[in-house]
Amino acid sequence: MTDKRESLNNEEFHIGKKIKDELARQGRNAPWLAGQVHCTPENIYKIFEQQWVGMPMLFKICRVMDFDFFAVCSEHLKAETIKQKVTENR
0 MTDKRESLNN EEFHIGKKIK DELARQGRNA PWLAGQVHCT PENIYKIFEQ QWVGMPMLFK
60 ICRVMDFDFF AVCSEHLKAE TIKQKVTENR
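This is the structure in structure tokens:
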């Protein structure tokens, strides 16, 4: 059986891109987010490039953007679990 963490890392899910997309949808930018979470815009641009973000930073981002990225991650996990079960049952 494949390790679930390995399976998730090999998929195209990319939380940094989802944060960047939601920020744009809200009409906001990296400098705004940086000011809200007390870091530099450069750090936010690095987050945009990361497939996964640490929980403390993701929590801050969720709060200031009023968007539940944890739910997005959870939905991805559910979809991957279903996909894995279907593959195993073939």
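Heads up, the sequence shown is in numbering that gives the first Met the number 0, so the first residue is 0 and it goes up one at a time. Each residue gets a CB set at the ideal place from its N, CA and C atoms; glycine is no exception.
### Task
Determine, using beta carbons only, whether R15 and Q49 come nearer to each other than 7 Å.
Reading off the sequence shown, one finds Gly at residue 15, where the question assumed Arg. Yes; because the gap between Cβ atoms is below 7 Å, this pair is in contact.
inquiry  = Using CA atoms only, rank isn't needed, just tell me which of V63, K84, F58 is closest to C72.
reply    = F58
DSSP state of D65 mapped onto helix, strand, coil
In the three-state reduction of the DSSP assignment, D65 falls in the coil class, being assigned neither a helical nor a strand state.
Tell me which residues share the same chain as F66 and place their Cβ nearer than 7 Å to its Cβ, disregarding the 5 neighbours each side in the sequence. E21
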